[in-house]
Amino acid sequence: MRFPSVLVLSLVAMACAPKAEAPAAPAAAEPLSAAALDSAKAVDAAFAAAMNAKDTTALFSDVYAADALLLPPDAPVLTGADLRAALVGLLAGGAGNFVMTTRHAYGIGDLAYIVGEASFTMGGNTETVKYTEVVRRGADGKWRYVVDMFSGLGGAAKPAAH
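This is the structure:
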């Protein structure tokens, strides 16, 4: 009879024990303020300025984070030296006159995403692409691309306006 008594006492003790509280849900992060979001979106203007000036120093120090990913259409993900080589190659191929148009942006904390369209000239044609970028605010307060993905809008390139 000793076993059932121990079992009953154990069950009673467990029932009387204080309940462990479920961990509190983390507080919902607040969306970025309009000013902070404008600051995040400014990286697109910095990208266009660096590309138009063929300023690779600014491109790789002020625009792209050291651990950034470039996701070009129909190609592997590029990082590090491969990312740099792709952008330097684009500039060497004559790309210029970059214009960025933001269509949507949203962010929380130190991360934001930007969706838009960009146009640029290359080889006498005007190219237009759509893009999605993830930007991260660094310890220095600057926003930089950590993911840069783009694809064409389809159709043939148009001759560049003169």
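Each number in the working numbering corresponds to the 1-based position in the sequence shown with 30 added. Heads up, the beta-carbon is just placed ideally off N, CA and C, and yes, glycines get one too. Fair warning: this is a prediction, and the values are worked out from it, not measured in the lab.
The alpha-carbon separation between residue 135 and residue 67 amounts to approximately 7 Å. Runs of the beta strand (DSSP E) lying entirely within the region 88 to 138, each at least 3 residues long, are 94 to 101 and 126 to 138 in chain order. Only exposed fits residue 138, as fewer than 16 other CB atoms lie within 10 angstroms of its CB. For residue 68, the enclosing alpha helix (DSSP H) has its first and last residue at 64 to 83. Excluding five sequence positions before and after residue 167, the CB atoms of its chain that fall closer than 6 Å to its own CB belong to 140 and 173, given in chain order.
Burial of residue 163 is indicated by the presence of at least 16 other C-beta atoms within 10 angstroms of its C-beta. Put simply, of 74, 105 and 53 the residue whose alpha carbon is nearest the alpha carbon of residue 129 is 74.
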